[in-house]
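Participant: Numbering (the working numbering), first residue to last: 2 to 267.
Using N, Cα and C, we set each Cβ at its ideal position, and we do this for glycine too.
Nothing here was measured: the structure is a model prediction, and the numbers come from that model.
One structure, as structure tokens, below. Some questions next.
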């Protein structure tokens with residue numbers, strides 16, 4: 002899809018998308034997540050999810066929404082949660098609409114080892130496809146992974162930090178627990194493929210263990226601790242193959258270009 006076609010699709014008149022909204026009452030919705038600049042709510046009966054933006058200058062809301070929609074469309078539905086509509090005020094885009102899919106995090110506690118292996122392999126494949134399209138996600142973590150209801154396949158959400166690899170600059174967003182030591186030492190480095198791969202390693206640890214790798218009460222200054230070498234405890238991983246896979250990804254760094262996402266759990 003050309004840049005002009007992409008822009009035309011995103012800014013098409015109201016009704017061009019199947020679930021365009023021109024009114025929206027957050028008080029009648031269920032809050033799913035809140036971040037520094039975004040709120041994600043589920044509509045009544047959990048049919049749809051609406052992402053809106055806050056704490057931004059009014060002039061930045063529409064460009065921010067459009068930028069994330071663009072990255073989702075470029076990534077494609079084989080990788081990203083599907084876009085189903087926009088939240089519009091007149092011709093101004095104030096957010097976007099997605100189907101409600103099951104968060105992976107909600108499934109971890111009850112998942113079998115076999116299922117976790119399948120999820121790990123699916124997540125590896127997702128990251129591989131993202132990179133093959135020249136895209137960097139920038140915030141890989143289980144909270145940004147959904148289980149698609151139609152077929153049980155994983156898809157990625159929250160593309161706010163995503164960038165084209167050819168245009169990469171220093172990331173504006175990210176999650177400390179999944180960032181690498183080199184990133185925590187220098188946030189001005191351009192986003193790179195290895196950022197996603199390191200985060201993939203931490204995410205695999207999280208999936209296998211069923212919990213986040215670091216206790217925030219024990220790490221008040223998590224960025225500094227990671228910069229000093231803090232990593233997920235591999236001794237807790239009771240599967241040697243999974244442990245080796247995580248260890249491989251945790252070696253990812255801009256100076257180690259041969260780390261990739263092609264290994265799988267046997």
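1) Can you tell me where the alpha helix (DSSP H) holding residue 198 begins and where it ends?
2) Please state whether the Cβ-Cβ distance between residue 183 and residue 110 is less than 8 Å.
3) Taking the DSSP output, what are the residues bridged to residue 136?
4) Mind checking residue 234: buried by the 16 CB within 10 Å criterion, or exposed?
5) When burial is assigned at 16 or more other CB atoms within 10 Å of the CB, is residue 64 buried or exposed?
6) What does DSSP give as the partner residue(s) for residue 304 in the beta ladder?
7) Beta-carbon within less than 6 Å of residue 227's beta-carbon, same chain only, minus the 5 sequence neighbours each way: which residues are those?
8) Taking one C-beta from the stretch 9-25 and one from the stretch 84-91 each time, how about it: are there three or more such pairs within less than 8 Å?
9) Enumerate in chain order the residues of its own chain whose CB-to-CB distance from residue 56 is below 8 Å, with the five nearest sequence positions on each side excluded.
10) Put residue 219 into one of helix, strand or coil per three-state DSSP.
11) Return the CA-CA distance between residue 151 and residue 103, expressed in angstroms with no decimal places.
12) Would residue 132 and residue 52 be called neighbours here (beta carbons separated by less than 8 Å)?
13) Which term fits residue 99, buried or exposed, when burial requires 16 or more other beta carbons within 10 angstroms of its beta carbon?
14) In its own chain, which residues sit with a C-beta less than 6 Å from the C-beta of residue 201, not counting the 5 before and 5 after it?
15) What did DSSP end up calling residue 145 once you bin it into helix, strand or coil?
16) Hey, residue 148 and residue 105: beta-carbon distance below 8 Å or not?
17) What is the DSSP secondary structure of residue 117, counted as helix, strand or coil?
18) Assuming residue 164 and residue 156 form a contact by the criterion Cβ under 8 Å, report the distance between their Cβ atoms to the nearest whole angstrom.
19) Using DSSP with H/G/I as helix, E/B as strand and the rest coil, what is residue 37?
20) Which residue wins for smallest C-alpha separation from residue 172, given the options 159, 179 and 192?
21) Per DSSP, residue 94 is paired with what?
22) Look up residue 32 in the DSSP assignment and say whether it is helix, strand or coil.
23) In the DSSP assignment, find the unbroken alpha helix (DSSP H) run with residue 190 in it and report its ends.
24) For the beta strand (DSSP E) containing residue 53, list its first residue and its last residue.
25) Which residue from 220, 239, 237 and 175 puts its Cα closest to that of residue 230?
Facilitator: Reading it off the structure:
1) To locate residue 198, count along the chain shown from 1; it is residue 197. Counting along the chain, the alpha helix (DSSP H) containing residue 198 begins and ends at 194-210.
2) Taking the chain shown and counting its residues from 1, one reaches residue 183 at position 182. Taking the chain shown and counting its residues from 1, one reaches residue 110 at position 109. A distance of 8 Å or more separates the beta carbons of residue 183 and residue 110.
3) Stepping through the chain shown from its first residue, residue 136 is reached at position 135. Answer is 165, bridged to residue 136.
4) For the purposes of this step, residue 234 is identified with residue 233 of the chain shown, where counting begins at 1. Result: exposed.
5) Taking the chain shown and counting its residues from 1, one reaches residue 64 at position 63. An exposed status is given to residue 64, since fewer than 16 other beta-carbon atoms sit within 10 Å of its beta-carbon.
6) The structure shown does not extend to residue 304, since the chain is modelled only from 2 through 267, so no value can be given for it.
7) The residue given as residue 227 occupies position 226 in the chain shown. Correct list, in chain order: 182 and 185.
8) Here the stretch 9-25 lies against the stretch 84-91, with 3 or more beta-carbon pairs under 8 Å apart.
9) Position 55 of the chain shown holds residue 56. Closer than 8 Å at the Cβ level, and outside the excluded window around residue 56, lie 37 and 38.
10) Along the chain shown, read from residue 1 onward, the residue named residue 219 stands at position 218. Correct three-state label for residue 219: coil.
11) The count along the chain shown starts at 1 and reaches residue 151 at position 150. The count along the chain shown starts at 1 and reaches residue 103 at position 102. Approximately 11 Å, taken between the alpha carbons.
12) In the chain shown, residue 132 corresponds to position 131, counting from 1. In the chain shown, residue 52 corresponds to position 51, counting from 1. No, the pair does not count as a contact, with Cβ atoms beyond the cut-off.
13) Walking along the chain shown from the start, residue 99 turns up at place 98. Around the C-beta of residue 99, 16 or more other C-beta atoms lie within 10 Å, and the residue is accordingly described as buried.
14) Residue mapping note: residue 201 aligns to position 200 of the chain shown, counting from 1. Only residues of its own chain outside the window of five on either side were considered, and among them 128, 141 and 250 have a CB closer than 6 Å to the CB of residue 201, listed in chain order.
15) Residue 145 sits at position 144 when you count from the first residue of the chain shown. In the structure shown, residue 145 sits in a helix (DSSP, three-state: H, G or I).
16) Locating residue 148 in the chain shown gives position 147, counting from the first residue. Locating residue 105 in the chain shown gives position 104, counting from the first residue. Their beta carbons are under 8 Å apart, which means residue 148 touches residue 105 by this criterion.
17) What you label residue 117 is simply residue 116 of the chain shown in a count that begins at 1. In this structure, residue 117 counts as helix in the three-state DSSP scheme.
18) Translated into positions along the chain shown, residue 164 becomes position 163. Translated into positions along the chain shown, residue 156 becomes position 155. Your pair residue 164 and residue 156 does not check out as a contact, with CB atoms roughly 19 Å apart and the cut at 8 Å.
19) Your numbering for residue 37 matches position 36 in the chain shown. Looking at residue 37 - three-state DSSP - the assignment turns out to be coil, as it is neither helix nor strand.
20) Start at 1 with the first residue of the chain shown, and residue 172 comes out as number 171. From the listed residues 159, 179 and 192, the smallest Cα separation to residue 172 is found for 192.
21) The residue labelled residue 94 in the question sits at position 93 within the chain shown. According to DSSP, residue 94 bridges with 89.
22) The residue you call residue 32 lines up with position 31 of the chain shown. Residue 32 falls in the strand class under three-state DSSP.
23) In the chain shown, the residue the question calls residue 190 occupies position 189. Segment: none, residue 190 is in no alpha helix (DSSP H) and carries neither H nor E.
24) If you number the chain shown from 1, residue 53 lands on position 52. Counted as a single uninterrupted DSSP element, the beta strand (DSSP E) harbouring residue 53 occupies residues 49-54.
25) In the chain shown, residue 230 corresponds to position 229, counting from 1. Checked all of 220, 239, 237 and 175; the closest Cα to residue 230 is 220.
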